[in-house]
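Heads up, the sequence shown is in the numbering used here, so the first residue is 370 and it goes up one at a time.
Presented below is the structure to which this report refers.
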Amino acid sequence: DASTVVDLSLPTLEAQQELNAQLTAQLTEYIRDIEPEGVTVSVGGEIGEVGLRNSTVEDLRAFMTQYEAQLGDRASKAGKVIEGISKISVQTGTSHGGVVLPDGSIADVAVDFDTLRDLSDAARKDYGMGGAVQHGASTLPETAFGKFAEAGAVEVHLATAFQSMIYDHPAFPEALRDEIYAYLTANHSDERKAGQTDAQFFYGARKRGIGPFKRQMWDMPVETRDAIAASLEETFGQLMQRLRVAGSAGIVDKVLERVNVPAPIPASLVAALKGEVVEAGGAEAAIEEVEGE
Numbered sequence: 370d371a372s373t374v375v376d377l378s379l380p381t382l383e384a385q386q387e388l389n390a391q392l393t394a395q396l397t398e399y400i401r402d403i404e405p406e407g408v409t410v411s412v413g414g415e416i417g418e419v420g421l422r423n424s425t426v427e428d429l430r431a432f433m434t435q436y437e438a439q440l441g442d443r444a445s446k447a448g449k450v451i452e453g454i455s456k457i458s459v460q461t462g463t464s465h466g467g468v469v470l471p472d473g474s475i476a477d478v479a480v481d482f483d484t485l486r487d488l489s490d491a492a493r494k495d496y497g498m499g500g501a502v503q504h505g506a507s508t509l510p511e512t513a514f515g516k517f518a519e520a521g522a523v524e525v526h527l528a529t530a531f532q533s534m535i536y537d538h539p540a541f542p543e544a545l546r547d548e549i550y551a552y553l554t555a556n557h558s559d560e561r562k563a564g565q566t567d568a569q570f571f572y573g574a575r576k577r578g579i580g581p582f583k584r585q586m587w588d589m590p591v592e593t594r595d596a597i598a599a600s601l602e603e604t605f606g607q608l609m610q611r612l613r614v615a616g617s618a619g620i621v622d623k624v625l626e627r628v629n630v631p632a633p634i635p636a637s638l639v640a641a642l643k644g645e646v647v648e649a650g651g652a653e654a655a656i657e658e659v660e661g662e
């Protein structure tokens, strides 16, 4: 995702999308170089940073014209075909995680489904992609989800809603939540915006508590984990129906060929499973840092 380099202050759409197109082409080539044999990874681009102005078909064309040219140049130099992106993320009125009000509730948002439909149509008909991607759908009302299929959206992002279901679940231990919030206050207060209430800060920052407290979450009593999992499962089922993808496994099997990609277990994990002492460092230190992030 190179959309954060889109510069809306530049005078033309082409200039605004130029660096985005260059970096997306570079990343596409890199992914194609390292993807497993027989597998084509679904790669997406993005033409507008979530939370800014709504995207337009003209934005899409300005990006794709430059992206296809950049990718074509890279393919010519490499002497091979480089498969392009299969979906395009757009801005239609939402933001990551929603807009949090001072009391911790989420403000109502209005998705421009006409814009989403226009962009999906152009992505499919003009550029051979699956369609547009809807960001920040976690906080939308349930009645909105059926409209994504009607608008031709090919992907919908919902992670924040699932995270909130876990943290705010009645079965989630209050003491553990307090410990996580204390950690966020001690380690991530630099991310707190001026005027934010505690509820606003913790809502936005608590994604950073999952890695450092992963062990404690998995060590919750089984009945606690089962209660949270049951709520998640019910929501997943409802979403599959509302997004109109229930019962589509047959279509997937018909279109896609399954490829066996061996994934060897890391030596450090093998040693740990055998009860051997594994010293932290190297890859382990890197993993620790990522989880802490």
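In this text, a Cβ means the ideal position worked out from N, Cα and C, and glycines have one as well.
- By the neighbour-count definition (other C-beta atoms within 10 Å, threshold 16), Gln439 is a buried residue.
- Take Tyr496, set aside five residues on each side of it, and the residues of its chain with a beta-carbon closer than 6 Å to its own are Met433, in chain order.
- Its chain contains Ile549, Tyr550, Tyr552 and Leu553 as the residues whose beta carbon lies nearer than 8 Å to that of Gly578, once the 5 sequence neighbours on both sides are disregarded; these appear in chain order.
- Shortest Cα-Cα distance from Glu511 to any of Arg611, Glu645, Arg493 and Glu437 involves Arg611.
- With respect to the 8 Å criterion, Gln385 and Leu377 are classified as neighbours on the basis of their beta carbons.
- With respect to the C-alpha of Gly407, the residue from Ala640, Ser637, Pro631 and Val639 having the closest C-alpha is Pro631.
- Within the same chain, Ser411, Met498 and Gly499 come within 6 Å of Ser455 by CB-CB distance, once the 5 residues on both sides are set aside.
- For Gln503, the uninterrupted beta strand (DSSP E) run begins and ends at Ala501 to Gln503, by DSSP.
- The Cβ atoms of Leu545 and Ala522 do not sit closer than 8 Å to each other.
- For Val628, the CB contacts under 6 Å within the same chain, skipping 5 residues up- and downstream, are Gly407 and Val408 in chain order.
- Secondary structure note for Lys494: it is in no beta strand (DSSP E), and the uninterrupted alpha helix (DSSP H) holding it is Phe482 to Tyr496.
- Rounded to whole angstroms, Ile597 and Ser533 show a C-alpha spacing of 11 Å.
- Gly573: member of the alpha helix (DSSP H) spanning Asp567 to Ala574, first to last residue.
- Contact between Gly453 and Glu427 does not hold, since their C-beta atoms are separated by about 20 Å, which reaches or exceeds 8 Å.
- In the three-state reduction of the DSSP assignment, Val630 falls in the coil class, being assigned neither a helical nor a strand state.
- Leu388 is the residue among Leu388, Thr529, Val639 and Ala513 whose C-alpha sits nearest the C-alpha of Gly414.
- Taking 4 residues as the shortest admissible run, the stretch 400 to 431 contains no complete alpha helix (DSSP H) segment at all.
- Burial state of Leu638 is exposed, judged by a 10 Å Cβ sphere holding fewer than 16 other Cβ atoms.
- With a beta-carbon spacing of about 4 Å, Ala615 and Met609 fall inside the 8 Å limit used to define contacts.
- A straight line joining the alpha-carbon of Arg443 with that of Ala390 spans about 13 Å.
- A residue is called buried when at least 16 other Cβ atoms come within 10 angstroms of its Cβ; Ala431 meets this threshold and is buried.
- Contact between Ile451 and Glu404 does not hold, since their C-beta atoms are separated by about 11 Å, which reaches or exceeds 8 Å.
- Ile457 sits close to Val502, with the two beta carbons spaced by under 8 Å.
- Taking C-alpha positions only, Met586 is separated from Asp547 by approximately 13 Å.
- For Lys623, the enclosing alpha helix (DSSP H) covers residues Ala618 to Val624.
- Exposed is the label assigned to Gly515, since fewer than 16 other Cβ atoms lie within 10 Å of its Cβ.
- Leu429 is positioned such that its CB atom lies closer than 8 Å to that of Ala491.
- Arg422 sits close to Gln460, with the two beta carbons spaced by under 8 Å.
- Counting other Cβ atoms within 10 Å of its Cβ, Gln607 stays below 16 and is therefore classed as exposed.
- Here DSSP, grouped into helix, strand and coil, assigns Ile535 to helix.
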